[in-house]
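Residue numbers (my numbering): 86 to 570.
C-beta atoms are modelled at their ideal positions from N, C-alpha and C, and glycine is treated no differently.
Here the structure is a predicted model, which is why all the values come from computation and not from measurement.
Notes for the one structure printed next.
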Ligand code: BGP
C-alpha cells in the first residue's frame, strides 16, 4: 500500500486526559476532571456513566469527597513530562501532533478579562517543543473541558452568552499561537453535546429553568456550539487567514441489521440525525430539512436567529475530521438484536464483527466506507482525528507490551485508508488515538490503554509514571521509515 508522501501520520491526545496538574499555575476546575473514576462491572455498559452525572455527584468532587478518585486531575503528568513525551512522539515518527488546549488554563473561570499568562506559557513551550522536532501541530480548543464556573455560574453552553466567552478565548489563542499552529479544531466531537450537554457543554439540567426536556437543552446547547464554531472560523479568516479550520465529530457509522425495507427506512433516519446532521450543519452551513422534521416530531424548538443562519452559511469548515473507532448495527425498535459498547453510547451488535472487551466493534473496512461516503457527500478534504484500540494491558514486571493486536488494528485501518485514497478520497492525514497511554474519556480509567507507549500508572494512579515503548511503537516507527505496513 503506497501513501501520498504529503500525507500526515500522527497522534492525538486531550489536555484533560494527559496533563494532570489540574489546579497548577492558575488553572481552575473544568467539568472533565469532576467526573470520578468509574469501575465498570460490565465494560460494555458505558452509557450509564454519562446519564448518572448529576450536579450533586459532580459537586462531591468540588468537596473532594472521600472514596472517590479523579484520575483526570493527575493524567499522566504531561504538564511536567511533555519534553520527554514529545521526544518519544518524534522518535516514533509523528509528522503531526493533535493536542488540545485547556480553556481553564487560559481563562480559569471563563469570565476573566485577561488571560492567565502561565497557561499561555505552558502551551507556548509545548508547541515550541513540537516544532523543534519538525512536527506540525493541530490544536483542539475545546476537548470536553468547559470550565466548571461557566457551568455553575452561567449555565454552560445552554446560555448563549458563553459563545462570546469562547470567542474571547479563541482570539487569545490566535494572538499567541496563530503563527505556529498548522490546523485548528474548535470542538472535539461536537456531536456529543446532542447526547450529553453536561459532558459536552457543562450544562447542569438541575439549573435549567425554562424546560425539563433534556433533548431541548442538548440541541439548543449544541446550536450555541455550532454558532461559536462559525464565529471562530470567521475570526480565523481575519487573524490566521491561511490556517485550515476543521470540524471534529465522533463518527457513528451504522449498518442496517437486515434488508427489510422498513429497516432501511429506519436506518436512513438514524444515519441522518445520529451521523450526517452534525457534518451537514458545519460543512454545508445550514440545518438540513430532515432535522426540522425531527425537531418538530420531538417538540424541540430551537432558538435560531437570522444572524446565526448567516454565520453558519458563510463560515463552513475547510476540512472534515472525525474520530473513527468502530461501527455498529442499526436495530430498529421492533427488531430483535443485541446491544454492545460504543463511544460514550451503547451500540447495536453486528454479528460479523469482533469487539474489544469494552464492546467496541472492530471494522477496518468501515473506515474506507465512511471516508468514501463523507467525501461523496461533502467534497472537503478529510482527516481522521482519532483511531485506535483500547486494551487492558499490564507490564507484569516486563519492560514492553507485545501488542500485536494493536499492530493488526492499526495496519488493517491504515490499509483501508490507503484504499479510500485510491478510491479518490482527498485526505490530509491521520492522528491515532493515542501515541501514549492516558486517562479514558468515558470512564476516567487508565486500564483502557490505547498508546504506542505504556505509562506505568494504574486506575488509582499508583505506579512510577515511567514510559515504556510497546511493540507497536517500533512497528509504527518502521512503517514511517519504510512505508511498509
Ligand atoms: C473520544 C474522545 C477522546 C478519547 C476517545 C476514546 O470520545 O475524543 O478523548 O478518549 O474517545 O474514548 P475512551 O477514552 O472513553 O475510551
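- prompt: Are three or more beta carbon pairs between the stretch 181-191 and the stretch 199-219 nearer than 8 Å?
  reply: yes
task: With a threshold of 7 Å, establish whether the CB of residue 102 neighbours any heavy atom of ligand 1.
output: yes
query: Which of the three DSSP states, helix, strand or coil, is assigned to residue 222?
result: In this structure, residue 222 counts as strand in the three-state DSSP scheme.
- prompt: Under three-state DSSP, which class holds residue 513?
  reply: Note: residue 513 maps to strand in three-state DSSP.
message: Closest to residue 391 by C-alpha separation, out of 475, 372, 385 and 384, would be which residue?
response: 372
task: For the alpha helix (DSSP H) holding residue 339, just list the boundary residues, first then last.
output: Under the DSSP assignment, residue 339 falls outside any alpha helix (DSSP H), being part of the beta strand (DSSP E) whose first and last residues are 339-341.
field: Burial state of residue 451, where buried means 16 or more other Cβ atoms lie within 10 Å
entry: buried
message: Within a Cβ cutoff of 6 Å, which residues of the same chain sit near residue 379, ignoring the five residues on either side of it in sequence?
response: 358
- request: With distances taken Cα to Cα, identify the nearest neighbour of residue 290 among 243, 499, 259 and 468.
  value: 243
- prompt: In terms of residue numbering, what span does the beta strand (DSSP E) encompassing residue 537 cover?
  reply: Per DSSP, residue 537 belongs to no beta strand (DSSP E) and is neither H nor E.
Contacting residues, own chain, Cβ-Cβ under 8 Å from residue 113 (five flanking each side not counted): 189, 193, 194, 232, 233 and 234
task: If I'm right that residue 469 touches residue 411 with Cβ under 8 Å, what's the distance once you round it to whole angstroms?
output: Actually they are not in contact, since the Cβ atoms of residue 469 and residue 411 sit about 13 Å apart, beyond 8 Å.
field: 8 Å contact criterion, which residue 271 and residue 335 should meet: CB distance rounded
entry: That pair is no contact at about 15 Å.
- request: Give a single yes or no on whether residue 475 has its beta carbon closer than 7 Å to a heavy atom of ligand 1.
  value: yes
Runs of beta strand (DSSP E) wholly within the stretch 262-322 (minimum 3 residues, chain order): 268-272
Through-space distance from residue 246 to residue 332, alpha-carbon basis: 22 Å
- prompt: Does the distance from the C-beta atom of residue 95 to that of residue 164 stay below 8 Å?
  reply: In this structure, residue 164 does not lie closer than 8 Å to residue 95 by Cβ.
- request: Please work out which residues of its chain come closer than 7 Å, Cβ to Cβ, to residue 296, disregarding the five sequence neighbours upstream and downstream, and give them in chain order.
  value: 302
query: So, do the stretch 501-508 and the stretch 435-444 have three or more beta carbon pairs nearer to each other than 8 Å?
result: no
task: Tell me whether the beta-carbon of residue 542 lies closer than 8 Å to the beta-carbon of residue 548.
output: Their beta carbons are under 8 Å apart, which means residue 542 touches residue 548 by this criterion.
Proximal residues to residue 99 (C-beta, below 6 Å), its chain only, five neighbours per side dropped: These residues qualify, in order along the chain: 185 and 228.
task: Note down, in chain order, each residue of its chain lying with its Cβ closer than 7 Å to the Cβ of residue 177, except the 5 sequence neighbours on either side.
output: 520, 537, 558, 561 and 562
query: Does the Cβ of residue 429 lie closer than 7 Å to at least one heavy atom of ligand 1?
result: yes
- request: Report yes if the CB atom of residue 122 is closer than 8 Å to the CB atom of residue 146, and no otherwise.
  value: no
- prompt: With a Cβ-Cβ cutoff of 8 Å, do residue 457 and residue 508 count as a contact?
  reply: yes
- request: Assign residue 417 to one of two classes, buried (16 or more other C-beta atoms within 10 Å of its C-beta) or exposed (fewer than that).
  value: Burial is judged here by how many other beta carbons sit within 10 angstroms of a residue's own beta carbon; residue 417 has at least 16 and is buried.
message: As a quick exercise: from 212, 393 and 525, pick the residue whose alpha carbon is nearest that of residue 263.
response: 212
Short CB-CB distance (under 8 Å) between residue 125 and chain C: Protein chains in the displayed structure number just one, and chain C is not present.
Cβ-based neighbour list, residue 339, same chain, cut-off 6 Å, excluding 5 preceding and 5 following: 413 and 415
query: Curious, which full-length beta strand (DSSP E) runs of at least 3 residues does the stretch 437-513 contain?
result: 467-471
Candidates 97, 90, 432 and 105: closest to residue 550 by CA position: 105
message: Assuming residue 408 and residue 471 are in contact, meaning their beta carbons sit under 8 Å apart, how far apart are those beta carbons, in whole angstroms?
response: In this structure residue 408 touches residue 471 by the C-beta definition: roughly 3 Å separates them, less than 8 Å.
query: Is the distance from the Cβ of residue 533 to the Cβ of residue 482 below 8 Å?
result: no
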